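Here the working numbering is used: position 147 in the sequence shown is 214, and no number is missing along the way.
In what follows, a single structure is set out as structure tokens and then discussed.
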Amino acid sequence: NKVFFFFADERVIQHSTHAVSFISVPTPAMRSGNFAGLAPIYNPATQTVDPATGIVTRQAFPNNQIPSSLFDPVAQAIQSYYPQPNLPGTVVNGVTTNNYDYQLPSISPKFKYFGRFDADITSNNRLTGSAAWNDGPSIGTGPVCPLNCTVSDIFNTNNQLSDYWTITPHLINEARIGFMGEYDLITPDTLGKGYPAKLGLTLGKADVFPAISITNVYGLGPGSPSIANYKENNIDMSDQMTLVKGRHQLH
68 NKVFFFFADE
78 RVIQHSTHAV
88 SFISVPTPAM
98 RSGNFAGLAP
108 IYNPATQTVD
118 PATGIVTRQA
128 FPNNQIPSSL
138 FDPVAQAIQS
148 YYPQPNLPGT
158 VVNGVTTNNY
168 DYQLPSISPK
178 FKYFGRFDAD
188 ITSNNRLTGS
198 AAWNDGPSIG
208 TGPVCPLNCT
218 VSDIFNTNNQ
228 LSDYWTITPH
238 LINEARIGFM
248 GEYDLITPDT
258 LGKGYPAKLG
268 LTLGKADVFP
278 AISITNVYGL
288 GPGSPSIANY
298 KENNIDMSDQ
308 MTLVKGRHQL
318 H
């Protein structure tokens, strides 16, 4: 009786640098409330309603300048996380885009393990098993880290154990059990670091930087899914008997 075994370990180091990318960030004028050249912004405090027609009117801010006394403290806290422009950008219809360039590294190694064994218990009975593990951790990078950065670890495994029994020269039984597992862990870098309180959000239920979306400006906050702890386990069992008669096989 003999036992044969095999094991392989594969590690791929993937450290690279992406091409230069561009995003749009608020201009210094926007940060100071100056939206000259853009669509008119109306002062909500000047709203009136015509009792006869029900028409609502409001007055635009002079020169499209929002006074600093009306700045919301949460909005001011959010804009402080945007980097200052490092390029003039492209201006179309008063809207400035692509005024910040960056180049970031990419770190996403791969780890793979595979093993197999064959054992002859008797001349008529053999056990064989195999296991494969694949792990793909990734360290998130982005132009506004840690706000838009997510650490992920995607891991899966496939395993099987088979029992081959030659009952007679014409009758063979194969019993097999297999196991498959998938485990995905995705965690934003801002999780559990008190960002809602730092922004002044008193009703925030999740301790993570919120998703911020502004027209024509790079969004802040985690992507989708922002947080995930996915686990899947599958077990399969089978038993197959094969009868060989001449040129015929019956399962």
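Glycine included, each C-beta is placed from N, C-alpha and C at the ideal position.
A quick note: this is a predicted structure, and the numbers were derived from the prediction, not measured.
Just checking my contact of residue i with residue j at CB under 8 Å: how many whole Å lie between their CB atoms?
i: Tyr-109; j: Ala-127; result: 5 Å
i: Gln-151; j: Ser-197; result: Contact doesn't hold; Cβ gap of about 55 Å is too wide.
i: Ser-173; j: Ser-83; result: 5 Å
i: Asp-256; j: Val-218; result: 7 Å
i: Thr-146; j: Arg-98; result: It is worth fixing the name first, because residue 146 is Gln in this sequence and not Thr. Contact holds; Cβ gap of about 6 Å.
i: Pro-134; j: Gly-100; result: 7 Å
i: Leu-287; j: Ile-294; result: Not confirmed; about 16 Å, so no contact.
i: Met-304; j: Ile-244; result: 5 Å
i: Leu-154; j: Tyr-167; result: 6 Å
In the DSSP output, which residue or residues are listed as bridge partners for residue i?
i: Thr-269; result: For Thr-269, which the question treats as bridged, DSSP gives no partner whatsoever.
i: Gln-307; result: Glu-241
i: Tyr-262; result: Beta-bridge pairing links Tyr-262 to no other residue.
i: Lys-179; result: Glu-77, Asn-201
i: Ala-230; result: In the sequence as displayed, the identity of residue 230 is Asp instead of Ala. Beta-bridge pairing links Asp-230 to Leu-194, Ala-242.
i: Leu-252; result: Asp-220, Asn-296
i: Lys-312; result: His-315
i: Asp-168; result: Phe-89
i: Asp-117; result: Its beta-bridge partners do not exist; DSSP assigns none.
i: Gln-132; result: Asn-101
i: Asn-301; result: Met-247
i: Val-162; result: Val-159
i: Ile-206; result: Ile-174
i: Thr-124; result: Thr-115
i: Val-211; result: Beta-bridge pairing links Val-211 to no other residue.
i: Thr-235; result: Leu-238
So, at 6 Å on beta carbons, what are the nonlocal neighbours of residue i in its own chain, with the 5 sequence-adjacent residues on each side left out?
i: Gly-203; result: Lys-177, Ile-221
i: Lys-35; result: Residue 35 lies beyond the stretch modelled for the chain, which goes from 68 to 318, so this question has no answer here.
i: Pro-277; result: Gly-288
i: Asn-301; result: Met-247
i: Tyr-250; result: Phe-222, Lys-298
i: Leu-105; result: Gly-161
i: Phe-102; result: Ile-108, Asn-131
i: Gly-271; result: Pro-263
i: Lys-69; result: Asp-187
i: Thr-195; result: Asp-185, Ser-229
Does any heavy atom of the ligand COA sit closer than 7 Å to the C-beta of residue i?
i: Asn-226; result: In the structure shown, the ligand COA is absent, as is every other ligand, since no ligand is present at all.
Residue i lies in the alpha helix (DSSP H); which residues open and close that run?
i: Pro-111; result: No alpha helix (DSSP H) holds Pro-111; DSSP gives it neither H nor E.
i: Gln-143; result: 140-146
i: Pro-95; result: 95-98
Mind checking if residue i is an interface residue toward chain B, Cβ cutoff 8 Å exclusive?
i: Asn-131; result: Absent here is chain B; the protein component of the structure consists of one chain.
Can you list, in chain order, the residues of its chain with a C-beta nearer than 7 Å to that of residue i? Leave out the 5 residues immediately preceding and following it.
i: Gln-307; result: Glu-241, His-318
i: Pro-140; result: Gly-267
i: Thr-164; result: Ser-91, Gly-156, Thr-157, Asn-283
i: Val-123; result: Gln-114, Val-116
i: Asn-225; result: Ala-199, Met-247
i: Pro-107; result: Ala-127, Asn-131
i: Pro-93; result: Gln-146, Tyr-149, Val-284
i: Ile-253; result: Thr-217, Ser-219, Pro-292, Ile-294, Ala-295
i: Val-79; result: Pro-176, Lys-177
i: Arg-125; result: Tyr-109, Asn-110, Pro-111, Thr-113, Gln-114
i: Ile-206; result: Ile-174, Val-218
i: Thr-233; result: Asn-191, Ile-239
Starting from residue i, trace the beta strand (DSSP E) both ways and give me its first and last residue.
i: Asp-274; result: First-last for Asp-274: undefined, no H or E at that position.
i: Leu-287; result: 284-287
i: Pro-172; result: 172-174
i: Val-158; result: 157-159
i: Ile-279; result: 279-281
i: Ser-83; result: 82-84
Leaving aside the five residues before and after residue i along the sequence, list all residues of the same chain whose C-beta is less than 8 Å from its C-beta, in chain order.
i: Leu-258; result: Asp-274, Val-275, Ile-294
i: Val-211; result: Tyr-148, Tyr-149, Pro-150, Tyr-285, Leu-287
i: Gly-209; result: Leu-171, Asn-215, Cys-216
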